[in-house]
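Take a look at the structure set out below.
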Amino acid sequence: MLALAGAALLIRRVFPLREGTNQRFRLAALIGLVLFALHGIVDVSAHRVGTAYSAVFLLGLAFYRPLPLTSSRAIAAIFRIMGALLCVFGLACAIAAGTKTLLPGSVGVTNAKELAAAANRERDFSAAVSLTSRARAWAPLDWQLYFLRALAEVADKQGEVALEDFQRARFLEPNGFEVPLAEGNAWLPTQPTLAVSAWREALRRAGPRRAEIFSIVLANAANENPAASRMLEEIGLARHDLVMPYLNRVSGEDFQRAIKQVLANDPELKTFTEPEKIAFFTLWSERGVLDSLAQEVQRHPSWMPYAWLGLAKYYAARKDFRAAYELTQRYGESVALPRVTTDTSLDDLQNRFASAPDNYALGYALYRAQIQRGRVDDALNTARHFSERASAPAYFHLLEAECWAAKQNWERAWMAWQAFEAAKAK
427 MLALAGAALL IRRVFPLREG TNQRFRLAAL IGLVLFALHG IVDVSAHRVG
477 TAYSAVFLLG LAFYRPLPLT SSRAIAAIFR IMGALLCVFG LACAIAAGTK
527 TLLPGSVGVT NAKELAAAAN RERDFSAAVS LTSRARAWAP LDWQLYFLRA
577 LAEVADKQGE VALEDFQRAR FLEPNGFEVP LAEGNAWLPT QPTLAVSAWR
627 EALRRAGPRR AEIFSIVLAN AANENPAASR MLEEIGLARH DLVMPYLNRV
677 SGEDFQRAIK QVLANDPELK TFTEPEKIAF FTLWSERGVL DSLAQEVQRH
727 PSWMPYAWLG LAKYYAARKD FRAAYELTQR YGESVALPRV TTDTSLDDLQ
777 NRFASAPDNY ALGYALYRAQ IQRGRVDDAL NTARHFSERA SAPAYFHLLE
827 AECWAAKQNW ERAWMAWQAF EAAKAK
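Using the numbering used here, the letters of the sequence shown correspond one by one to residues 427 to 852.
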């Protein structure tokens, strides 16, 4: 309300916009000022002093001046002196930016940050601390200065002061996950507990990118400090959206132990979304113990639409190929097959296929005609004619599986279905 009241008082100074008062020019300046203010609704339009000066300049141009002013040599001289000083200052800023001179002000702060980052890369940590400490007097609320100094202090084994500077940087930059993520990477080689603590904050800030950031964290920990990996297990298995990034990096006994912990945390998987359940059970069927998966599905029949592949592998391992194949037919994805639009006779199809044995559409039409007339063996030969070719469409493996199932050779049907899945994945 105070801002609106102040704006109303200032805008009153613009009126009247009558003829002879440069009204068009002043109206244009007023429109620019209003647009500047409206931009502040969605962004910080005056976050730098230079942009704030542009708004003040527009406001000054828009003001109505009812009284004629007499010329004054003193005022002209003062303004020329001020202009010269501004030119000198601008030239000094340009030179400082090019030569990386620590000129007091925003230019010096920017130079100090660049020089400190370079000093950290060159492992000159005392220089990095000195540069950032000097620039801090000019920009005490710049989080990057504290962060760069903390990086140097960690490498220089000044843990306590580094922790304080990291906390200041986090406080001054409360939203971005990049700050605590980089902090965790800095602590990782020597202080895994502090690294994991920083990463927790990074995950909290990451929002929808939490799983992506957790994958990065896991990779860093695996390469730098296995002790941190064990601490991250607790974080990964406690949240449904972090389970898959963690499970993707473990196998064997570690994988099975993680599965048990996930089920202990959420026995009904109520927090998991549909895609997360599918990914969870698919990975379990590939890396986990199938006996335990079968037991869990028996206790939770509602999991069957997600766990059917692992259960099918379980049945196949026990030589119950019929049960395995029937699960694929019940829960497997539907496959797009060619549309047969012709009423051509079987004999005509056979003659045409003999003339064009590489025509997939013709081969499929012949297969369908043979199936409809109960000639399963002929249909099987037609399907295998293509399924034995690496370049043929994957669905011919599926057609072969259908024929083996019709002949009640369930093992061959299961093997053909697996070949279909492998060909589809290529």
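Just so it is clear, CB atoms sit at the ideal spot from N, CA and C, and this is done for glycine as well.
Closest in C-alpha terms to E599, from the list A503, E579 and L571, comes L571. Taking 8 Å as the upper bound for CB-CB distance, L663 and A684 are in contact here, some 6 Å apart. By the criterion of a C-beta distance shorter than 8 Å, F451 is surrounded in its chain by L487, once the five residues flanking it on both sides are discounted.
Under the 8 Å Cβ criterion, the segment 735-752 does not count as touching the segment 770-778, having fewer than three qualifying pairs. Annotated three-state conformation of A563 is coil, per DSSP. Secondary structure of L737 (DSSP, three-state): helix.
H726 carries a coil assignment under DSSP once its states are collapsed to helix, strand and coil. Shown here, T699 sits in coil according to DSSP, grouped into three states, outside any helix or strand.
Assigned with DSSP and collapsed to three states, R778 falls in helix.
For T477, the secondary structure class from DSSP, reduced to helix, strand or coil, is helix. Going by C-alpha positions, V605 is about 23 Å away from R656.
According to the DSSP assignment, P671 belongs to the alpha helix (DSSP H) that extends over H666 to L673.
In summary, N651 is buried, with 16 or more beta-carbon neighbours lying within 10 Å of its beta-carbon over all protein chains present. If you draw a straight line from the Cα of C513 to the Cα of F592, it is about 39 Å long. For V460, the enclosing alpha helix (DSSP H) stretches over residues Q449 to V468.
P618: member of the alpha helix (DSSP H) spanning P618 to A632, first to last residue. In this structure, the beta-carbon distance from A554 to L574 falls below 8 Å.
The straight-line gap separating the alpha-carbon atoms of E579 and E638 is approximately 29 Å. Pairing R630 with L668, the inter-Cα distance amounts to about 12 Å. Rounded to whole angstroms, the Cβ separation of L772 and R815 is 23 Å, and the two are not in contact under 8 Å. Sixteen is the threshold: when 16 or more other Cβ atoms of the shown chains lie within 10 Å of the Cβ of N546, as they do, the residue is buried. Measuring C-alpha to C-alpha distances from V622 to each of L607, A632 and R636 identifies L607 as the nearest. Beyond the five residues adjoining it in sequence on each side, Y740 comes within less than 6 Å, by CB distance, of L716 and A720 in the same chain, given in chain order. Annotated as distal: F483 and V440, with beta-carbon spacing of 8 Å or more. The C-beta distance from A588 to L557 rounds to 16 Å, too long to meet the 8 Å contact threshold.
When the beta-carbon positions are compared, L753 and A738 come within less than 8 Å of each other. For G800, the three-state secondary structure derived from DSSP is coil. Each residue's CA atom was taken as its position, placing Q796 and I661 some 57 Å apart. When the Cα atoms are used, E826 and R626 turn out to be separated by approximately 52 Å. Beyond the five residues adjoining it in sequence on each side, L658 comes within less than 7 Å, by CB distance, of V622, V643, L644 and A647 in the same chain, given in chain order. Between the alpha carbons of A561 and A520 lies a distance of about 18 Å. L695 places its beta carbon less than 8 Å from that of K703.
Cβ neighbours of P618 within its own chain (closer than 6 Å, five residues either side excluded): N651, A653 and A654. In the structure shown, N835 adopts coil according to DSSP, grouped into three states.
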